[in-house]
Structures are given as structure tokens and as C-alpha cells.
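Student: A single structure is presented below for examination.
Protein chains: 2
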Amino acid sequence: MSWILTAADLPDLARGATLLGTGGGGDPYIGSKLVERVLGEGSITILDPDELADDLFVIPTAQMGAPTVMVEKIPAGTEPTQALRALEAHLGRMADATMPIECGGINSMIPLVVAAETGLPVVDADGMGRAFPELSMETFAVYGVHGSPLALAGERGETVLIDTGDDDRQMEWLARAVTIRLGGVGHIAEYAMTGADVRRTAVPRTISMALALGRAIREAREQHRSPFAAIADVLSTTLYPHVRELCTGKVVDVERRTTEGFAKGRAVIAPLDGDGTFEIRFQNENLTAHRDGALVAIVPDLICVVDHETAEPITTEGLRYGQRVRVLGISTPEMMRTPAALEAFGPAAFGLDEAFLPVERPAS
Amino acid sequence: MSWILTAADLPDLARGATLLGTGGGGDPYIGSKLVERVLGEGSITILDPDELADDLFVIPTAQMGAPTVMVEKIPAGTEPTQALRALEAHLGRMADATMPIECGGINSMIPLVVAAETGLPVVDADGMGRAFPELSMETFAVYGVHGSPLALAGERGETVLIDTGDDDRQMEWLARAVTIRLGGVGHIAEYAMTGADVRRTAVPRTISMALALGRAIREAREQHRSPFAAIADVLSTTLYPHVRELCTGKVVDVERRTTEGFAKGRAVIAPLDGDGTFEIRFQNENLTAHRDGALVAIVPDLICVVDHETAEPITTEGLRYGQRVRVLGISTPEMMRTPAALEAFGPAAFGLDEAFLPVERPAS
Numbered sequence: 001m002s003w004i005l006t007a008a009d010l011p012d013l014a015r016g017a018t019l020l021g022t023g024g025g026g027d028p029y030i031g032s033k034l035v036e037r038v039l040g041e042g043s044i045t046i047l048d049p050d051e052l053a054d055d056l057f058v059i060p061t062a063q064m065g066a067p068t069v070m071v072e073k074i075p076a077g078t079e080p081t082q083a084l085r086a087l088e089a090h091l092g093r094m095a096d097a098t099m100p101i102e103c104g105g106i107n108s109m110i111p112l113v114v115a116a117e118t119g120l121p122v123v124d125a126d127g128m129g130r131a132f133p134e135l136s137m138e139t140f141a142v143y144g145v146h147g148s149p150l151a152l153a154g155e156r157g158e159t160v161l162i163d164t165g166d167d168d169r170q171m172e173w174l175a176r177a178v179t180i181r182l183g184g185v186g187h188i189a190e191y192a193m194t195g196a197d198v199r200r201t202a203v204p205r206t207i208s209m210a211l212a213l214g215r216a217i218r219e220a221r222e223q224h225r226s227p228f229a230a231i232a233d234v235l236s237t238t239l240y241p242h243v244r245e246l247c248t249g250k251v252v253d254v255e256r257r258t259t260e261g262f263a264k265g266r267a268v269i270a271p272l273d274g275d276g277t278f279e280i281r282f283q284n285e286n287l288t289a290h291r292d293g294a295l296v297a298i299v300p301d302l303i304c305v306v307d308h309e310t311a312e313p314i315t316t317e318g319l320r321y322g323q324r325v326r327v328l329g330i331s332t333p334e335m336m337r338t339p340a341a342l343e344a345f346g347p348a349a350f351g352l353d354e355a356f357l358p359v360e361r362p363a364s
Numbered sequence: 001m002s003w004i005l006t007a008a009d010l011p012d013l014a015r016g017a018t019l020l021g022t023g024g025g026g027d028p029y030i031g032s033k034l035v036e037r038v039l040g041e042g043s044i045t046i047l048d049p050d051e052l053a054d055d056l057f058v059i060p061t062a063q064m065g066a067p068t069v070m071v072e073k074i075p076a077g078t079e080p081t082q083a084l085r086a087l088e089a090h091l092g093r094m095a096d097a098t099m100p101i102e103c104g105g106i107n108s109m110i111p112l113v114v115a116a117e118t119g120l121p122v123v124d125a126d127g128m129g130r131a132f133p134e135l136s137m138e139t140f141a142v143y144g145v146h147g148s149p150l151a152l153a154g155e156r157g158e159t160v161l162i163d164t165g166d167d168d169r170q171m172e173w174l175a176r177a178v179t180i181r182l183g184g185v186g187h188i189a190e191y192a193m194t195g196a197d198v199r200r201t202a203v204p205r206t207i208s209m210a211l212a213l214g215r216a217i218r219e220a221r222e223q224h225r226s227p228f229a230a231i232a233d234v235l236s237t238t239l240y241p242h243v244r245e246l247c248t249g250k251v252v253d254v255e256r257r258t259t260e261g262f263a264k265g266r267a268v269i270a271p272l273d274g275d276g277t278f279e280i281r282f283q284n285e286n287l288t289a290h291r292d293g294a295l296v297a298i299v300p301d302l303i304c305v306v307d308h309e310t311a312e313p314i315t316t317e318g319l320r321y322g323q324r325v326r327v328l329g330i331s332t333p334e335m336m337r338t339p340a341a342l343e344a345f346g347p348a349a350f351g352l353d354e355a356f357l358p359v360e361r362p363a364s
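If you want it as C-alpha cells, here you go:
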């Protein structure tokens, strides 16, 4: 069902999108402030994917860059619409709606900025079902909609159009180089598609899910219920039904560096229930979780670090020595676990040697 | 006067373009082979800039990248036309002619490849009057025609369109990043302009001049006359009237490295007429010449290394220990020495502290 989003929804949506960001994706709080500023008392129509006309023309919009840079470099807010307009001009067709390419992190908010500026509705779906570090890691691409042509807008009015045919990795490779030279952040429009394409290739209702998660966590706190039970309740009705507590403990080490446009590193957690160690490795997003050297969760399943009491999600750049945290493993939809999907954004796509292991069936 | 170029002219043109490449610009021999292959028995019309209709639409074409890479990575030959067509589609206007952006090095040949493929004529003018390492170092830009939008084509069919408004340095910065990620070489179409713009902003008749220089050197050798006197004779009738022998000697040291898409380094020559040393510094092209630490020639004047007997021009990548060479200093046209021109491609544009010193009036 289509629904209406207002500024009052943004704090909950930001919380849910941070959880789905699995440590990365950029800070949705900054994005929510951009939406708030442009939207004011207005509202945005969120379209259910099942209700889209087959020939509705959808142009997704997003930000690309290292989240550590995004924290320092707040965008003006007009760039993603500039990217949309550049792609429309190039294609000779106006968009009927925009859509996230990524439901986790700041990219949950960028299409809302565009919607608030242009009056376009936003499709309740995305191409990552979480956050990923690269533009080619999209269910869109896995199921046959390619990213090119991509339009990229810079803060000084630059526009760059990149067309690499059906080679989405080459598109990512070239767009990343431009983004780095724009200072680490660029705004993009890509993966233009029809309503029929959305139904075939997108992860459905991920904006709704992010909002429901953020709201459930808040309401549980207000009502002195367990926010962890609330998260599990929400997920049980979605394509992400399994959630598992992987560790509760104290952050004892964090290493991160920004290199080649990515924030890479690892966090070490001392579990409260034993002497072992728990380690998370990340490239913008959390990629793997190991307990005493044994794999317990791996991309594309979600590895989410949250406050041990409030369940407030903690991003990679928010990790600090001494924090008490819980680490949740959440199952991704089956369409994100097919061989073709795992080739695009499974362990090997990140240079990891380990095979995918569904979080609901951990190694014994 | 407009004239007709055939494949028989290419060896002389390549020799002259290598001289005007001042050590860089990429090897025009490779380019001449591409032209030969496409042109066969055909011919290309070379348009005199004074005879262009004011509203003739000209799209210059070129290759960008490090000359050391170009030697190893011979282009397919179709990329510059692909770039031209991408820019035409973006602008919604077909070109009436193409033109070099650079008369020295391989970029003397790229517009001829396009002409041979498309049947377009080539304007006898360019925007550098020699070779320079960056796309923003153009008399076009100095006199008010900007490079954007630029179209860039890669060997796997990629196209990238870059629009940075009137900021030609930002255009260079972004296009260079894409070129590096394409493997070090890209083909471009940029600085679209009218016939009236050509007359106002281009260095005129530089294809003619390159051809005349190459032919004069060859004919002098064949007739056992001095090729150095022949060079001086040709230049005396052009906008480059002054030529001066800066040094005759033996190459005793060459350092070069490819970094950030450029070939940078220096060559040291032991003069035959004394104990001193003569040093040339280059960034793709030769930038400065010093004799015993004193400046004798500096960019944008031409510093050309040639064989000490045959006057065959030697590029930076052709420099070898033990070569006997002469170094010639050649004056650039006055339109390349104005304060605005020196700001774009004078010493400071290359990070040099020294002021411009016309080669015909060396420091005493």
C-alpha cells in the first residue's frame, strides 16, 4: 500500500536506516536534516512497488563516497536533484518517481531530498536491501537492470555522465575516481528503470521496514519493553525474518582508515560471557563477524552493532573504545542469497576467502 | 589557403609534430600509422582558419594520457570518433570540421584519424601551438572558449561526459582521473567552437608548419644541406621566428617516472664545448633548460632535443645515455606569451618559481 511520509517520521526512519546500514552507508541523521529543511510542513508520497504502473519511469538517486568524509562534508542538498535532471536530459525522458539504490544509511534519505525538492513520489524499495560500498552491488544489476548511464553531480555544479554499457563494475570504477577528485563525495542518478523492472529486480518495502524498525525501537524504550524483542517482532513479518544475537560485550579496539574512497578497518569486542574475542571487519559496512576465530556471520547478511541497552545502532565511525554493545546478525532476503547475488555482493566480491554462511544456520 | 593532405605527407608531418612536441605529446609515428590505415589512398581537406565561415561548427579531438603509456598501448583508432559522436549527441549538433587541440606529438594525428573515418575536414590550427600536459593549457581557454562539455571514450566502448562550466582546470582534474582508470589513455572531444572562435582563440596554421618543418629537415638531409639552417628558414616565415641553439653535447643522465598520469623527470647533457652541465626538466614536455644552473629557456617557449647531425627530434621517452644531441630553443607566438596565456601555461602553471624569459633574449 502506498503511504505518506512527513518530517515527523524522519527520526525513526533515520534510526532504522542506520541499523540497516550495518555500520556504514553514511549517517542518515545528516540526510534527515536535509530532508527536513526542504520538506518543511510538506509530505512525500511513498509508492508501494506492487502498485506501480508497468511503464512508470523511475530514476533512483543517491550519494556516493566514504562515510567518514560525509560526516565532515555536509552536502548542499541540491546536488542529487541536479544529478537526476542531468540524467533526464541525457535520456530525453522525465522521471515519474525516484527510489533509493540503498536502504541503509544516508541513501535512505537522498531520494527524499529529491522528492521534497521536485514533488516526485518515492518507490518503497531499493537495490541493496541494506548498505554496500560499491555501485555495482545491486539486486537491480543482478536481475538485469544496469546502472549506466549514470549522472554524477558535484557541489560546484559539475556534472559527469558515465556510460559503460552493461559493465557495472567499470561504471563504479570510473564514478569512484571522479568522486574522489570531487573531494570524496558525489551525488548520483543511475539504474533508470520501469515499474515492471522495479518489481523484478528491487528489494521491496525497505523504506517501510526501516521506518517500522526505528519506530519499534523508540516505542519499546518509551514503554520500558525490550527493544531487541521489538526488532525481532518487526523483522518476523518481513523478508528478513531471522535475527540472532551474536555477541554482547565491550569494544576494546577499533582500527579504521580511509583509503581509495572507502573506510576500511576492524573492531574487536570483548564478550561479557567469556574470555574469547569477537571481531568485526568492515569496508564502509560490516563484512564479517568472527567469535574466537570462527565465522558467525558474513556479508550479505546484516551485521549490526547496537547499544547493549537501548539498541541504538552504532556506525563504524561511531565506534569507540569502552562502548557496551550487542551485535545482531540479521538474515537477508533469499533474492540476495542466490548464486548470482552472491557473485555481485557476497564474500568473494569483497576479496574474502570464506563462503557465505546463512546467519540462521551458523557453523556448529 | 586550404589544402589537401595525403598519406605521403604523414612521415614529414610526424617528424615536424615530434619537434613541436618538445619532448612530449606522445609519439606521432604511432598516430601516423593509424591515419595511414584508415586513410589508404584517400585524402583529407585541411581548412585555412582565415577561410572558415563564422558559424562553422568545429569539434576538436585528441588523445589524453601519459606518453610513456601510449607507446605500450596502441589505440584501436575508433575511440576519438566515438568521443566526437558522443559530444555531438550531447550538444545536439553535428560537427562541420575537427581540429587539433595540440599540434605537437600524437595529437597532431588524432584529428586526421577522425577525418579519415568521417570525411570531415580538419582546421589548420590548434590550441597549444606545441604540446602541453594538461587539457586546460589551451589558447582556446585563455581567449574565452572553454573545454566543457568534454566527451571521453575508452577502448571498451565506455563514454564519459564531463561538464565543469568555465572551470577548465576542474575539467582536466576529473578527465585525468577517468583516463588513469581507463588504463592511462583516453580519447576526447572538447572545446567545441565556431569558425569565428577559431580565428579569435587558436594558434593558426600549425599543421602546415609541422609539415613544412618535417619536410625541410628531410630535404636538407637528402641534399646534404644543414637541417638546422632549414629549420631556421621555415620558422622565419611563421609566428615562431626565433630559433637558438642552446647546447650541443652528450646525454649523460636521464631520470623519468610515470606518476599521476604524467611522465616526469630530467635529462642531463654534457656540453661538447666546455666542462659545464646542461639540464632539461620535463613533465611530459620539456619545461626548462639550464646551463650551469642558469636558465636559458623556459615554458611556453619550445625546448627541443634533436640528433646533433640529422636534426631528428628525440622525445623524452627516446632519450638514452650516450646520445649526441643538440638542444634548440624556439620562440612561441606572442598570443602565447601574454599575462593571461602565461597564467594558463607559463612557468607558474607548472609550479616553477622562475619567471618567463623569452628565448630570444636570454639572461646575460
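Protein chains in written order, with the UniProt record's numbering: chain V, 1 to 364; chain H, 1 to 364.
A virtual CB, placed ideally from N, CA and C, is assigned to each residue, including glycine.
Model, not experiment: these values are computed from the prediction.
#1: Can you say whether V:Ser364 is buried or exposed, counting buried as having 16 or more other CB atoms within 10 angstroms of its CB?
#2: Do you know whose CA, among H:Asp167, H:Glu155 and H:Leu213, lies nearest H:Arg181's CA?
#3: Just list the residues that DSSP pairs V:Ile4 with in beta bridges.
#4: Please tell me whether H:Thr81 has its Cβ less than 7 Å away from any Cβ of chain B.
#5: Just checking: is the beta-carbon of V:Ile162 within a distance shorter than 7 Å of some beta-carbon in chain H?
#6: In the DSSP assignment, find the unbroken alpha helix (DSSP H) run with residue 368 of chain V in it and report its ends.
#7: Taking 7 Å as the threshold (beta carbon to beta carbon), is H:Arg169 in contact with chain V?
#8: Whole angstroms is fine: what's the gap from V:Lys33's alpha carbon to V:Ala141's?
#9: Quick one: any contact between the stretch 97-111 of chain H and the stretch 44-63 of chain H, if contact means 3 or more CB pairs under 8 Å?
#10: Our contact map puts H:Ala153 next to V:Val178 with C-beta atoms below 8 Å; I'd like the distance itself, whole angstroms only.
#11: Report the start-end ranges of each beta strand (DSSP E) in the stretch 149-182 of chain H that is 3 residues or longer and not cut off at the edges.
#12: Starting from V:Pro11 and walking both ways along the alpha helix (DSSP H), at which residues does that stretch end?
#13: On the three-state DSSP scale, how would you describe V:Asn326?
#14: Extract the residue ranges of the beta strand (DSSP E) inside the stretch 267-294 of chain V, only unbroken runs of 3 or more that lie entirely within it.
#15: To be precise: take each residue of the stretch 177-192 of chain H, compare its Cβ to all Cβ atoms of chain V, and keep it if any distance is under 8 Å. Which residues remain?
#16: Using the Cα positions of V:Ile269 and V:Phe262, report the straight-line distance between them to the nearest angstrom.
#17: Does the beta-carbon distance from V:Ala83 to V:His187 come in below 7 Å?
#18: Hey, is V:Gly165's beta-carbon within less than 7 Å of any beta-carbon in chain H?
#19: For V:Thr201, which of helix, strand or coil comes out of DSSP?
#20: Distance, Cα to Cα, V:Pro133 vs V:Ala175?
#21: Have a look at V:Leu357, V:Phe278, V:Glu41 and V:Glu222 and flag the residue whose alpha-carbon is nearest the alpha-carbon of V:Asp253.
#22: Kindly indicate the opening and closing residues of the beta strand (DSSP E) around H:Met64.
#23: The beta strand (DSSP E) that contains V:Ala95, what's its start and end?
#24: DSSP has H:Ile188 in a bridge; who is on the other side?
#25: Going by the beta-carbon positions, is the gap between V:Asn286 and V:Ile314 smaller than 7 Å?
#26: Listed from N- to C-terminal order along the chain, which residues in the stretch 218-249 of chain V have their beta-carbon within a distance smaller than 7 Å of any beta-carbon of chain H?
#27: So, using beta-carbon positions, are H:Ile162 and V:Val160 closer together than 7 Å?
#28: Kindly indicate if chain H contains any beta-carbon less than 7 Å away from that of V:Thr78.
#29: Check whether the stretch 280-297 of chain H touches the stretch 192-210 of chain H, taking contact to mean three or more Cβ pairs, one atom from each stretch, closer than 8 Å.
#30: Under 7 Å between beta-carbons, which chain V residues line up against H:Glu88? List them in chain order, please.
#31: Kindly identify the DSSP beta-bridge partner or partners of V:Val305.
#32: Along chain H, which residues have their Cβ under 8 Å away from the Cβ of V:Leu174?
#33: My output table needs one value for H:Asp50: the three-state DSSP class, helix, strand or coil.
Tutor: With the given structure in hand:
#1: Within the first sequence, residue 364 of chain V is the residue found at index 364, counting from 1. Note on V:Ser364: pLDDT 49, under 50, position unreliable in the model; no value is reported.
#2: Translated into positions along the second sequence, residue 181 of chain H becomes position 181. The option with the nearest alpha carbon to H:Arg181 is H:Glu155.
#3: The sequence position of residue 4 of chain V within the first sequence is 4, counting from 1. V:Ile4 is bridged by DSSP to V:Thr45.
#4: Note that chain B does not occur in the displayed structure, where the protein chains are V and H.
#5: Looking up residue 162 of chain V in the first sequence gives position 162. Taking 7 Å as the threshold, the shortest C-beta distance from V:Ile162 to chain H falls below it.
#6: Because chain V is modelled from 1 through 364, residue 368 of chain V falls outside the range shown and cannot be assessed.
#7: Here residue 169 of chain H refers to the residue found at position 169 of the second sequence. So, not an interface residue.
#8: On the first sequence, position 33 is the one that residue 33 of chain V refers to. On the first sequence, position 141 is the one that residue 141 of chain V refers to. Cα-Cα distance, rounded: 31 Å.
#9: Contact holds between the stretch 97-111 of chain H and the stretch 44-63 of chain H, because three or more Cβ pairs, one in each stretch, are under 8 Å apart.
#10: For the purposes of this step, residue 153 of chain H is taken as the residue at position 153 of the second sequence. For the purposes of this step, residue 178 of chain V is taken as the residue at position 178 of the first sequence. V:Val178 and H:Ala153 do not touch by the CB rule: their CB atoms are close to 16 Å apart, not below 8 Å.
#11: Considered as a whole, the stretch 149-182 of chain H harbours 150-153 and 159-163 as its complete beta strand (DSSP E) runs of no fewer than 3 residues, in chain order.
#12: Within the first sequence, the letter at position 11 stands for residue 11 of chain V. Per DSSP, V:Pro11 belongs to the alpha helix (DSSP H) from Leu10 to Leu20.
#13: Working through the first sequence from its first residue, we reach residue 326 of chain V at position 326. Checking the sequence, you will find Arg at residue 326 of chain V rather than Asn. Strand.
#14: Listed in chain order, the complete beta strand (DSSP E) runs (minimum 3 residues) inside the stretch 267-294 of chain V are 278-283 and 285-291.
#15: Answer in chain order: Ala177, Val178, Ile180, Arg181 and Leu182.
#16: Reading the first sequence from its first residue, position 269 is the one you call residue 269 of chain V. Reading the first sequence from its first residue, position 262 is the one you call residue 262 of chain V. Each residue's Cα considered, the two are about 22 Å apart.
#17: Taking the first residue of the first sequence as 1, we reach residue 83 of chain V at position 83. Taking the first residue of the first sequence as 1, we reach residue 187 of chain V at position 187. Against a cut-off of 7 Å, the Cβ pair of V:His187 and V:Ala83 comes out as a contact.
#18: Taking the first sequence and counting its residues from 1, the one referred to as residue 165 of chain V is at position 165. Output row for V:Gly165: interface = yes.
#19: As a first step, residue 201 of chain V is located in the first sequence; it is residue number 201 there, counting from the start. Reduced to three states, the DSSP call for V:Thr201 is helix.
#20: For the purposes of this step, residue 133 of chain V is taken as the residue at position 133 of the first sequence. For the purposes of this step, residue 175 of chain V is taken as the residue at position 175 of the first sequence. Straight-line Cα distance between these residues: approximately 13 Å.
#21: Along the first sequence, one-based indexing puts residue 253 of chain V at 253. Ranking the options by Cα distance to V:Asp253, first place goes to V:Phe278.
#22: Mapped onto the second sequence, residue 64 of chain H falls at position 64. Membership of H:Met64 in the beta strand (DSSP E) is indicated by the continuous run Thr61 to Gly65.
#23: Position 95 of the first sequence, counting from 1, holds the residue named residue 95 of chain V. Careful: V:Ala95 lies outside any beta strand (DSSP E) and carries neither H nor E.
#24: On the second sequence, residue 188 of chain H is found 188 positions in, with the first residue counted as 1. The partner list for H:Ile188 (beta bridge, DSSP) reads H:Ala62 and H:Leu152.
#25: Translated into positions along the first sequence, residue 286 of chain V becomes position 286. Translated into positions along the first sequence, residue 314 of chain V becomes position 314. Contact flag unset, no.
#26: Taking a C-beta cut-off of 7 Å against chain H, none of the residues of the stretch 218-249 of chain V qualify.
#27: On the second sequence, residue 162 of chain H is found 162 positions in, with the first residue counted as 1. On the first sequence, residue 160 of chain V is found 160 positions in, with the first residue counted as 1. Taking 7 Å as the Cβ cut-off, H:Ile162 and V:Val160 qualify as a contacting pair.
#28: Within the first sequence, the letter at position 78 stands for residue 78 of chain V. Not one beta carbon of chain H lies nearer than 7 Å to the beta carbon of V:Thr78.
#29: Contact fails: fewer than three Cβ-Cβ distances are below 8 Å.
#30: The residue you call residue 88 of chain H lines up with position 88 of the second sequence. For H:Glu88, no chain V residue has a Cβ inside 7 Å of its Cβ, as the nearest lies near 14 Å away.
#31: For the purposes of this step, residue 305 of chain V is identified with residue 305 of the first sequence, where counting begins at 1. V:Val327.
#32: Position 174 of the first sequence, counted from the start, is the residue given in the question as residue 174 of chain V. Listed along chain H are Glu158, Val160, Val178, Arg181 and Leu182, each with a C-beta nearer than 8 Å to that of V:Leu174.
#33: Within the second sequence, the letter at position 50 stands for residue 50 of chain H. DSSP places H:Asp50 within a helical segment (H, G or I) once states are collapsed to three.
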